[in-house]
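A.B. asks: Residue numbers (my numbering): 166 to 540.
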Amino acid sequence: MPELPEVEALAAYLREHAKERVIARADAASFAVLKTFDPPLSALIGRSITEVGRHGKFLDLTASGPDGDLHLVFHLARAGWLRWREDIPDKPVKPGKGPLAFRLVLDDGAGFDLTEAGTQKRLAVYLVRDVADVPGVATLGPEPLADDFDADALAAILKGRRTQIKGVLRDQHIIAGIGNAYSDEVLHAAKMSPFKLASSFTPDEIATLHAAIVTTLREAVERSAGLAAAELKGEKKTGLRVHGRTGQPCPVCGDTIREVSFADSSLQYCPTCQTGGKPLADRRLSRLLKLFSGTHASANHPVNRGAHRHPGQRPPDPSGFGGLPQRWRPTARRGRPPSGRPAGVPDNPPEPGPPAALRCGVARREITGQLCVAR
Ligand SMILES: [Zn+2]
């Protein structure tokens with residue numbers, strides 16, 4: 166996903182190539198990509214691009230005409246990209262399942278395509294009179310490279326926030342422009358655990374984190390500056406130290422870079438640099454393991470015994486599969502079971518239930534004896 170440095174470089178590229186040019190065509194490849202309907206895309210034709218700006222990860226083309234300015238704003242989402250073309254086809258865009266999402270053609274025949282890989286289409290284009298009419302722009306947090314984003318501003322953001330710093334850094338409503346990749350890079354540069362609570366930062370740690378944010382982003386912007394749109398993706402990849410480098414050696418200490426799931430994706434970090442040498446627990450994985458470990462497979466576990474039932478629910482099922490609908494329960498074999506068990510009893514008898522004082526993975530309550538006790 167293009168983040169602040171890449172979007173900044175794309176803005177610079179468009180400033181150089183599209184500014185002062187007149188728009189000849191603007192086509193969306195599907196209804197879904199265009200998030201606004203008034204004014205229509207046809208209102209862009211004949212207007213000239215007078216400015217190209219960036220707000221967080223949004224690009225903003227100012228299209229000026231005699232009746233005022235319009236803003237063509239777009240967000241490239243996770244798998245979107247901008248492809249500049251010197252000689253763009255003049256044919257109308259055909260709606261289809263391909264990667265092309267949007268096309269802008271200029272009066273000199275050049276222009277750009279917005280493309281998006283994959284089946285999940287989240288690239289978004291807006292045409293508005295005021296850029297604040299784009300909901301994602303109106304709710305953006307401060308720009309981390311702005312002059313007034315100092316350590317005090319960061320301290321005010323972190324104060325009292327009982328959430329993990331990784332989530333804070335990539336939340337666009339809190340700080341604009343940093344995504345999954347650069348939050349990994351910032352935390353590696355700051356030598357901090359991604360799971361550290363935002364509210365736990367000392368003034369020294371805030372200063373360290375602030376310096377890491379500014380340095381990491383500035384360096385990435387400098388590396389990307391002057392590159393053509395087509396070269397930016399490669400530059401982002403080679404410039405990253407930990408993000409997307411699971412299993413590779415850390416460029417600082419040589420330890421193996423690890424990966425752990427976080428929210429809807431995964432993050433990468435170096436245990437030696439960031440977590441005192443300890444690998445972070447993958448909570449998504451451990452939850453899964455807990456679910457599939459003997460605990461809930463056991464017929465004696467309270468879940469299967471029906472111990473989670475509420476008043477009025479059915480009593481425990483002696484077959485041990487009370488938690489499952491009838492159609493999902495193992496069917497009894499016809500005839501005499503090979504093990505000599507009576508028909509209706511599964512071949513693999515369930516293991517004994519968990520000892521007392523374990524915590525139930527489903528209800529997250531303490532298991533006392535055979536029942537989950539609500540607390
Ligand atoms: Zn390291």
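Using N, Cα and C, we set each Cβ at its ideal position, and we do this for glycine too. Predicted, not measured: the structure shown is a model, and the values here were computed from it.
Go ahead and pull the three-state DSSP assignment for Thr296.
C.D. replies: The question names Thr, but residue 296 is Val in the sequence shown. DSSP places Val296 in helix when its eight states are reduced to three.
A.B. asks: In chain order, what residues of the same chain have a beta carbon less than 8 Å from the beta carbon of Ala428, not counting five sequence neighbours either side?
C.D. replies: These residues qualify, in order along the chain: Gly332.
A.B. asks: Should Gly391 be labelled buried (16 or more other beta-carbon atoms within 10 Å of its own) or exposed?
C.D. replies: Gly391 comes out exposed.
A.B. asks: How big is the Cα-Cα spacing for Ile340 and Lys324?
C.D. replies: If I take the Cα positions, the gap works out to 14 Å.
A.B. asks: Using three-state DSSP, classify Asn469 as helix, strand or coil.
C.D. replies: Reliability fails at Asn469, whose pLDDT of 42 lies under 50, so the model's placement of it is uncertain and the value that follows must be treated cautiously. In this structure, Asn469 counts as helix in the three-state DSSP scheme.
A.B. asks: Quick one: what's Asp154 bridged to in DSSP?
C.D. replies: The chain is shown only over 166 to 540; residue 154 falls outside these bounds and no answer can be derived.
A.B. asks: So, with DSSP's three-state summary, where would you put Gly245?
C.D. replies: Gly245 falls in the strand class under three-state DSSP.
A.B. asks: Should the region 358-376 be called in touch with the region 391-402, which here means at least 3 C-beta pairs below 8 Å?
C.D. replies: These segments do not touch.
A.B. asks: What is the DSSP secondary structure of Thr421, reduced to helix, strand or coil?
C.D. replies: Note: Thr421 maps to strand in three-state DSSP.
A.B. asks: Among all residues, which have a Cβ less than 5 Å from at least one non-hydrogen atom of ligand 1, and in what chain order do they fall?
C.D. replies: With the cut-off at 5 Å, the residues found are Cys415, Val417, Cys418, Asp420, Cys435, Thr437, Cys438.
A.B. asks: Taking one C-beta from the region 224-239 and one from the region 308-319 each time, how about it: are there three or more such pairs within less than 8 Å?
C.D. replies: Taking 8 Å as the limit for Cβ pairs, the verdict is that the region 308-319 does not touch the region 224-239.
A.B. asks: Please confirm whether Ala355 and Thr373 have their CB atoms less than 8 Å apart.
C.D. replies: Contact flag set, yes.
A.B. asks: Starting from Gln433, follow the beta strand (DSSP E) in both directions and report where the run begins and ends.
C.D. replies: Element bounds for Gln433: 430-434.
A.B. asks: Does the Cβ-Cβ distance between Leu288 and Leu226 come in under 8 Å?
C.D. replies: In this structure, Leu226 does not lie closer than 8 Å to Leu288 by Cβ.
A.B. asks: What are the partner residues of Glu281, as DSSP defines its beta bridges?
C.D. replies: Gly245.
A.B. asks: Leaving aside the five residues before and after Ala297 along the sequence, list all residues of the same chain whose C-beta is less than 8 Å from its C-beta, in chain order.
C.D. replies: Ala303.
A.B. asks: Given a cut-off of 8 Å on the beta-carbon distance, is the pair Ser213 and Ser229 in contact?
C.D. replies: Yes. Within cutoff.
A.B. asks: Which same chain residues, not among the five before or five after Met166, have their C-beta less than 6 Å away from its C-beta?
C.D. replies: Arg243, Gly344.
A.B. asks: Using only CA atoms, which one of Ala194, Lys402, Gln433, Arg410 lies nearest to Arg388?
C.D. replies: Of the listed residues, the one whose Cα sits closest to Arg388 is Lys402.
A.B. asks: Roughly how many angstroms separate the alpha carbons of Pro444 and Ser358, rounded to a whole number?
C.D. replies: If you take the alpha carbons of Pro444 and Ser358, they lie about 10 Å apart.
A.B. asks: Which residues does DSSP pair with Ala289 in a beta bridge?
C.D. replies: According to DSSP, Ala289 bridges with His240.
A.B. asks: Secondary structure at Asp317, three-state DSSP: helix, strand or coil?
C.D. replies: Reduced to three states, the DSSP call for Asp317 is helix.
A.B. asks: Can you pull the DSSP bridge partners for Arg268?
C.D. replies: Bridge partners of Arg268: Asp192, Asp278.
A.B. asks: Does the region 267-280 come within contact of the region 183-192, defined as at least 3 CB pairs closer than 8 Å?
C.D. replies: The region 267-280, when compared against the region 183-192, does touch it at the 8 Å Cβ threshold.
A.B. asks: To the nearest whole angstrom, what separates the beta carbons of His408 and Gln439, a pair I think is in contact under 8 Å?
C.D. replies: At roughly 13 Å, the Cβ-Cβ gap does not stay under 8 Å, so His408 and Gln439 are not in contact.
A.B. asks: Locate the alpha helix (DSSP H) running through Lys331, then write down its first and last residues.
C.D. replies: From DSSP, the alpha helix (DSSP H) with Lys331 extends over 330-335.
A.B. asks: In the DSSP assignment, find the unbroken alpha helix (DSSP H) run with Glu185 in it and report its ends.
C.D. replies: Premise fails: Glu185 is in no alpha helix (DSSP H) and is neither H nor E.
A.B. asks: In whole angstroms, what separates the C-alpha of Val290 from that of Thr280?
C.D. replies: Going from the Cα of Val290 to the Cα of Thr280 covers about 12 Å.
A.B. asks: Would Leu352 and Ile330 be called neighbours here (beta carbons separated by less than 8 Å)?
C.D. replies: Yes, the pair counts as a contact, with Cβ atoms nearer than the cut-off.
A.B. asks: Going by DSSP in three states, Leu209 sits in which element: helix, strand or coil?
C.D. replies: Helix, per DSSP.
A.B. asks: From Pro170 to Arg335, what does the alpha carbon distance come to, in whole angstroms?
C.D. replies: Computed Cα separation, rounded: 14 Å.
A.B. asks: With a cut-off of 8 Å on the beta carbons, I'd call Glu424 and Thr411 a contact; round off their distance for me.
C.D. replies: Yes, Glu424 and Thr411 are in contact; Cβ-Cβ is about 4 Å, under 8 Å.
A.B. asks: Keeping to the same chain, check which residues put their C-beta closer than 7 Å to that of Arg326; ignore five residues upstream and five downstream.
C.D. replies: So the qualifying residues of the chain are Val333, Ala363, Ser364.
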